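Note sheet for the following structure.
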Amino acid sequence: GVTPVVLNCVHFTSIDFSAAKAFAALVRDFSSRGQEIVFLEASQKMVRLFKYVGCKNAKCCNSEVELEHMLFGIVPLGHRNSKSLQGRATDNHEVIPLIDHSGNHRTSIEMKIVKT
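Structure representation (structure tokens):
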């Protein structure tokens, strides 16, 4: 499959309607080619704005632990009671990872900074 793209939103101090519409278009564009985009540490305001502009299927997570859970379907030992994973214990739901790590994929997260 196609590797998901993770956009770290930790430094986004605010987002307006036009920016939210652009992110929604980005999610649709990625989705049309079978690629996921995940927003890491998006603020609650940003998530609400995504929903408001019709981007209800944007994938967002609050921490790198939650990101690893979303990408690979695993929760590292010691993090099962993490606040960002509260209510998501592995014994009460099935996790469908975005990355199939049964093949020849790396099972670690590689963070890259892309300058624009």
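The UniProt record's numbering numbers the first residue of the sequence shown as 1 and each following residue consecutively. All C-beta atoms, glycine included, are put in the ideal place defined by N, C-alpha and C. Model, not experiment: these values are computed from the prediction.
{"Item": "Who are N8's beta bridge partners in DSSP?", "Value": "L40"}
{"Item": "Looking only at C-alpha atoms, which of H11, E41, A20, I37 sits nearest to C61?", "Value": "E41"}
{"Item": "Please report the residue range of the beta strand (DSSP E) in which K59 lies.", "Value": "59–61"}
{"Item": "Once the 5 residues before and after L7 are set aside, which same chain residues still bring their CB inside 8 Å of it?", "Value": "I37, V38, F39, L40"}
{"Item": "With respect to the alpha helix (DSSP H) encompassing K21, which residues constitute its N-terminal and C-terminal limits?", "Value": "17–32"}
{"Item": "Cα-Cα, which of V2, V5, A20 is closest to R48?", "Value": "A20"}
{"Item": "CA-CA distance, D16 and V2?", "Value": "30 Å"}
{"Item": "With a threshold of 7 Å (Cβ to nearest heavy atom), would K51 be considered close to the ligand ADP?", "Value": "Inclusion of the ligand ADP in the displayed structure is not the case, the ligand content being empty and no account of it being possible."}
{"Item": "State buried or exposed for V10, treating a residue as buried only when at least 16 other CB atoms are found within 10 Å of its CB.", "Value": "exposed"}
{"Item": "When we look at the beta-carbon of A25 and count the other beta-carbons within 10 Å, is it buried (16 or more) or exposed?", "Value": "exposed"}
{"Item": "Do you know offhand how far V53's Cα is from G73's?", "Value": "29 Å"}
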